[in-house]
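Following: one structure in structure tokens, then a few remarks.
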Amino acid sequence: MELSLTPDELAFADDVRAFVAANLPEDIAEKVRYNEVLKRDDYMRWQQRLAARGWHTIGWPVEYGGPGWTVTQKFLFELICGEMDCPVIQPFGPRMAGPVIYSFGTPEQKDRFLPGIRNSTDWWCQGYSEPQAGSDLATLATRAEDAGDHYIVNGQKIWTSYAHYANWMFCLVRTSREDRPQKGISFVLIDMATPGITVEPIIGVDGRHSFNTVFFDNVAVPKANRIGEEGKGWTYAKFLLEHERVDNAAIGVTKKALERVKHLAERPVDGPIALIDDPRFRTRLTEIEAQFASLEMMALKVLSDVASGSSPGPASSLLKIRGTEIAQRISELGMEAAGQYALAAPRPQERGNLPPLGPREAEMAMSNYLWRRAMSIYGGSNEIQRNIIAKRILEM
Ligand SMILES: Cc1cc2nc3c(=O)[nH]c(=O)nc-3n(C[C@H](O)[C@H](O)[C@H](O)COP(=O)(O)OP(=O)(O)OC[C@H]3O[C@@H](n4cnc5c(N)ncnc54)[C@H](O)[C@@H]3O)c2cc1C
């Protein structure tokens, strides 16, 4: 899609490109380019450079330290960051915890927690899912017993992304079993250094460690760390999920992925002819390009609705389904373009110092393909998003 940009917007895009060129360390860009594992320090180094420019929390209101960008500026920033191999800004602080804290937190909570998110000195994780509570999140059982000025938390969270990097968790706990399950939930902020917390790794299908199980054994959490009213946590949890889904369309990253597939398909990998010259491959590629262009328009529409003050609502479900399906199709084309080399390197991180068997871009096709399967599960699975559309848009 070609946006018709004003001179100011063109100047803004130049400014972002110049900033990234001057500030993104090449070792980090290379890891992103070849889909290698990024460590905590890689993310933090980049995010802190963005923060120094006021660009880590781009969606925040100006009063809390956001840059006051228009929808088009935010959109351009995401596209350029994808284009120039920047790591994805980890959403748990700036896009999840932060908006809940500045929307529903007390002045003391805002003073205490927002600077660490804005400056990317804290790493947050999301304690929602439990072994028996995923799609049906309201059945969560981790309990918080009243102990005067604090709660005692016992239970287990699962699939907690980057809990092993995090020093804070925003967490849903059950403070009451009376009434509807949604009513007894509270939203608390937990210091991950509190005694009684154990983090155990879960290795994903791509061989990487991003998930964890987190156990709570008599963990003391001050009541001062509860957001909003006791028992009203479901309201804040839903607010957060609607915003999370808008971001799950991952426009900048998907655009770059599409370019990578095209680039890979231009080389003859599996025979004398480049795949890009195969009319069947080109047809599928063109279809996906058209679908992606319409996704970009939809994302801009939802973002401008959010900017004018309305909640993303069920439209965020449309965006999540479409964005994740397109990203998955692109990863399937990537596997085809990589040919036999995709199979040769299911886990590039285990290759050590040995050279790749084929083109280095081909090596990342398999891990990318496997990782993209997760997109239709996290942030509320795509089936659940279809249920939301059926109920709230189609009124079925
Ligand atoms: C990469 C990744 C990162 C994640 N990170 C986090 C994290 O940081 N913190 C966190 O709390 N959680 C995280 N999750 C967990 C995620 O939120 C859950 O996996 C998700 O909500 C689905 O829950 P579940 O895995 O229990 O599957 P289930 O709810 O058991 O669902 C299994 C299948 O049944 C389908 N299904 C279930 N109910 C219905 C229904 N009513 N109608 C139709 N179909 C249905 C689902 O779509 C799915 O296909 C992460 C997951 C992934 C994949």
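Taking the working numbering, the leading residue of the sequence shown gets 80, the next gets one more, and so forth. Don't be surprised by glycine CBs; every beta carbon is placed ideally from N, CA and C.
Check whether Val-252 and Arg-305 have beta carbons under 7 Å apart: no
task: Check the DSSP bridge columns for Lys-23 and list the partner residues they point to.
output: Residue coverage of the chain in this structure runs from 80 to 475, which leaves residue 23 outside it and unanswerable.
- prompt: So Ile-95 packs on Leu-155, CB below 8 Å; how close in whole Å?
  reply: Reading the sequence as shown, one finds Val at residue 95 and not Ile. Your pair Val-95 and Leu-155 checks out as a contact, with CB atoms roughly 7 Å apart and the cut at 8 Å.
- request: Would you mind working out which of Leu-84, Ala-97, Gly-138 and Leu-103 sits nearest Ala-386, comparing C-alpha positions?
  value: Gly-138
task: With a threshold of 6 Å, establish whether the CB of Tyr-457 neighbours any heavy atom of ligand 1.
output: yes
query: Hey, how far is the Cα of Leu-319 from the Cα of Gly-172?
result: 11 Å
- prompt: Do Tyr-244 and Trp-202 have their C-beta atoms closer together than 7 Å?
  reply: yes
- request: Please go through the same chain and pick out, in chain order, the residues whose beta-carbon is closer than 7 Å to the beta-carbon of Asn-114, but skip the five residues on each side of it.
  value: Met-443, Ser-446 and Asn-447
- request: For my contact list, Ala-394 and Ile-330 are in at a C-beta cut-off of 8 Å; report their separation, rounded to the angstrom.
  value: That pair is no contact at about 15 Å.
- prompt: For Thr-136, is the classification buried or exposed, using 16 other Cβ atoms within 10 angstroms of its Cβ as the cut-off for buried?
  reply: Label assigned to Thr-136: buried.
task: State the CB to CB distance for the pair Gly-184 and Lys-335, rounded to an integer number of angstroms; the pair is presumed to be in contact (CB under 8 Å).
output: Taking the Cβ atoms as the reference, Gly-184 lies roughly 35 Å from Lys-335, outside the contact range of under 8 Å.
Extent of the continuous alpha helix (DSSP H) to which Pro-178 belongs: 177-183
- request: Please report how far the alpha carbon of Lys-317 lies from the alpha carbon of Leu-433, in whole angstroms.
  value: Rounded to whole angstroms, Lys-317 and Leu-433 show a C-alpha spacing of 47 Å.
query: Say the cut is 6 Å; is the CB of Gln-205 nearer than that to a heavy atom of ligand 1?
result: At least one heavy atom of ligand 1 is nearer than 6 Å to the Cβ of Gln-205, so yes.
- prompt: For Met-376, is the classification buried or exposed, using 16 other Cβ atoms within 10 angstroms of its Cβ as the cut-off for buried?
  reply: Classification for Met-376: exposed.
- request: Please report how far the alpha carbon of Thr-218 lies from the alpha carbon of Ala-97, in whole angstroms.
  value: 48 Å
- prompt: Going by other Cβ atoms of all chains shown within 10 Å of its Cβ, with 16 needed for buried, is Ile-467 buried or exposed?
  reply: buried
query: Run through DSSP, which three-state label would Arg-287 get?
result: coil
field: Reduced DSSP category for Ala-212 - H, G, I as helix; E, B as strand; rest coil
entry: strand
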